[in-house]
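**Student:**
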Amino acid sequence: MKVNHTLTDAATKLDIAGHSVPTLGEELREARHRAGHSLREAADELGYDHKYISEWERGKRRPHVKHAKNIREYIEKNK
Numbered sequence: 063m064k065v066n067h068t069l070t071d072a073a074t075k076l077d078i079a080g081h082s083v084p085t086l087g088e089e090l091r092e093a094r095h096r097a098g099h100s101l102r103e104a105a106d107e108l109g110y111d112h113k114y115i116s117e118w119e120r121g122k123r124r125p126h127v128k129h130a131k132n133i134r135e136y137i138e139k140n141k
């Protein structure tokens, strides 16, 4: 959890300095749109419920570290 706090602090500092760092959820949404997938299609491909995808994209919930690898692979696949 310390790593998450460190990354959050770094992102906040960059945001204050005028640099925006997209969250994993924002990157997921962008990749989903590039792929032309609906929430349900992306959820099916990732193997998660579409409600989680929606919450991750909107920043309502952060994906667990074990899910981040799958999300990162989806993002890379749909660049």
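Positions in the sequence shown are counted from 1; adding 62 to them yields the working numbering. All residues carry an ideal CB built from backbone N, CA and C; glycine is no exception. Source: prediction; values computed, not measured.
Exposed or buried, what is residue 121 when buried is set at 16 or more other beta-carbons lying within 10 Å of its beta-carbon?
**Tutor:** In the sequence shown, counting from the first residue as 1, residue 121 sits at position 59. Exposed: under 16 other Cβ atoms inside 10 Å.
**Student:** Under a three-way DSSP split, which group does residue 123 fall into?
**Tutor:** Residue 123 sits at position 61 when you count from the first residue of the sequence shown. Residue 123 falls in the coil class under three-state DSSP.
**Student:** Which of helix, strand or coil does DSSP assign to residue 87?
**Tutor:** Stepping through the sequence shown from its first residue, residue 87 is reached at position 25. Residue 87 falls in the helix class under three-state DSSP.
**Student:** Mind checking residue 125: buried by the 16 CB within 10 Å criterion, or exposed?
**Tutor:** As a working mapping, residue 125 is identified with position 63 in the sequence shown. Classification of residue 125: buried, given that the 10 Å Cβ count is 16 or more.
**Student:** Exposed or buried, residue 104, counting other C-beta atoms within 10 Å across all chains shown (16 or more means buried)?
**Tutor:** On the sequence shown, position 42 is the one that residue 104 refers to. Buried.
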